[in-house]
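I have placed the structure first, in the form of structure tokens, so that the comments after it can refer back to it.
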Amino acid sequence: WGDEEKKQKLIPPSFGSIARGIKNNKYKKIILMTGAGISVAAGIPDFRSPKTGLYSKLEKYDLPYPEAIFSMEYFKKNPKPFFKLAKELIPKDLKPTPVHHFCKLLEKKKVLHRVYTQNIDTLERKANILPEKLVEAHGSFAYATCLKCRYRYTQKEIQPIIMKGKVPKCKKCKKGVVKPNITFFGENLPSGFSLAHRDFPKADLLIVIGTSLQVMPFGSLIHHVNEDCHRLLINKEEVGVYRKSIFSRGHKGFRFNRSDNTRDAKKLGDCQEIIKQFVKLIGWEKEFNELLDES
Ligand code: APR
């Protein structure tokens, strides 16, 4: 390369330079990774934020550990705590947030490669993101299955029972408990997730929004993009960062504040406010506000 290009390569991207890149159509295959933080503004608490997160409200269920509420072995023993929590989680008449609409706008601008969400609230569907552009990596409430005879139910069929705080029982085999198709710890991730290993190396920009990146294998996806793919974290707190340790063997976490960082940028704060700033910098307010007004 010329020296100029070499110098360019070594300067890490920033929130502003990435916005300019999107504006100038530099990024054509953008992957989004989202978590509970993007739906807090829709009225669904996240899991791990201290005091407000769902995991801090589970004392009443005397669980061995918070995630047990999403584990198969505990569910089979006692499905009640899960269905009490499901009453809070199951999407009622919730509306997509500006972040959900931003994902849809990227799709309309033909630069969205895929949205990988951990959320089970189906707000991406409500934002009309095309099914082929969406991977619900932890499943969703859209369908439910009898654990005995595998008969499938829609959310509409089991929501009224859940809203009454009851455990939905299978009408067909009369024996099984009907469990929403959200991925429990110990279960395989939905087939769409296997797309990731082919998908991520194609990305030229990865944007991670509203997730603690604590749950694997989802959290490890940030390592699957190529070395020259820019990565932007938009979150209340810094997560997934590089930790020098004897085991890290080139752990490819975010490398903010490191001299060898040539691809990671971060913008910490409320994701909804940040996305509105982002849209402004890109120059897409008009279409963005039309999407907000439509919803
Ligand atoms: N703006 C930006 N970030 C936010 C906001 C907000 N308004 N609200 C919360 N956050 C951040 C929190 O600081 C936290 O880093 O979003 C992240 C939410 O992390 P978690 O609560 O752990 O949610 P998530 O990462 O989606 O959890 C992953 O854990 O229990 C499992 O299967 C469940 O899919 C879930 C998985």
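FYI, UniProt numbering numbers position 198 of the sequence shown as 210, with every residue one higher than the one before it. By construction, the Cβ of each residue, glycine as well, lies at the ideal position given by its N, Cα and C atoms. These figures come from a predicted structure and were not determined experimentally.
With 16 or more other CB atoms across the displayed protein chains lying within 10 angstroms of its CB, Ile194 is buried.
Exposed is the label assigned to Cys185, since fewer than 16 other Cβ atoms lie within 10 Å of its Cβ. Measuring C-alpha to C-alpha distances from Asp133 to each of Leu159, Leu106 and Cys115 identifies Leu106 as the nearest. Here Leu22 is exposed: its Cβ has fewer than 16 other Cβ atoms, across all protein chains shown, within 10 Å. Taking 4 residues as the minimum length, the alpha helix (DSSP H) runs contained wholly in the stretch 256-306 are 283-294 and 297-306, in order along the chain. For a cut-off of 8 Å, the C-beta gap from Met45 to Val220 is around 5 Å, short enough to register as a contact.
If only uninterrupted alpha helix (DSSP H) runs of at least 4 residues are considered, those enclosed by the stretch 34-119 are 84-89 and 92-101. For Leu101, the closest alpha carbon among the candidates Gly47, Ala31, Tyr165 and Pro57 is that of Pro57. Put simply, the backbone Cα of Tyr73 is about 6 Å away from that of Pro93.
With a cutoff of 7 Å, Asn247 counts as near the ligand APR, since its C-beta is closer than that to a heavy atom of the ligand. Relative to Phe205, the option among Leu217, Gly231 and Asp216 whose CA is nearest is Gly231.
Beta-bridge partners assigned by DSSP to Val147: Tyr128. DSSP places Pro192 in the uninterrupted beta strand (DSSP E) bounded by Val190 to Ile194. By the Cβ neighbour-count rule, His209 is exposed, with fewer than 16 other Cβ atoms within 10 Å of its own. Proximity of the beta carbon of Cys115 to the ligand APR is not indicated: no heavy atom of the ligand is located closer than 7 Å.
Look at Ile141 here: in three-state DSSP terms it is coil, with no helix or strand label. DSSP places Arg243 in the uninterrupted beta strand (DSSP E) bounded by His242 to Asn247. Secondary-structure assignment with DSSP links Leu218 through a beta bridge to Ile43 and Arg243.
A Cβ-Cβ distance of about 19 Å is found for the pair Ile50 and Val123, leaving them out of contact under the 8 Å criterion. Looking at the DSSP output, Ala156 shares a beta bridge with Tyr165 and Pro192.
Using a cutoff of 7 Å, the CB of Ala208 does not count as near the ligand APR, since none of the ligand's heavy atoms is closer than that. Between Gln284 and Ala139 a beta carbon distance of about 13 Å is seen, past the 8 Å cut, so the two are scored as non-contacting. In the DSSP assignment, Lys184 forms no beta bridge with any residue. Taking C-beta atoms under 8 Å as the contact rule, Leu217 and Ile42 qualify, at a distance of about 5 Å. Checking the 7 Å criterion, the Cβ of Gln130 is within range of a heavy atom belonging to the ligand APR. For Phe197, the beta-bridge partners assigned by DSSP are Ser83. Within the same chain, Cβ atoms closer than 6 Å to the Cβ of Gly295 are found at Lys35, the five residues on either side in sequence being excluded. The alpha carbon of Val127 has as its nearest neighbour, out of Leu75, Glu148 and Lys121, the alpha carbon of Glu148. About 7 Å separates the beta carbons of Tyr165 and Tyr155, which is inside the 8 Å limit, making them a contact pair.
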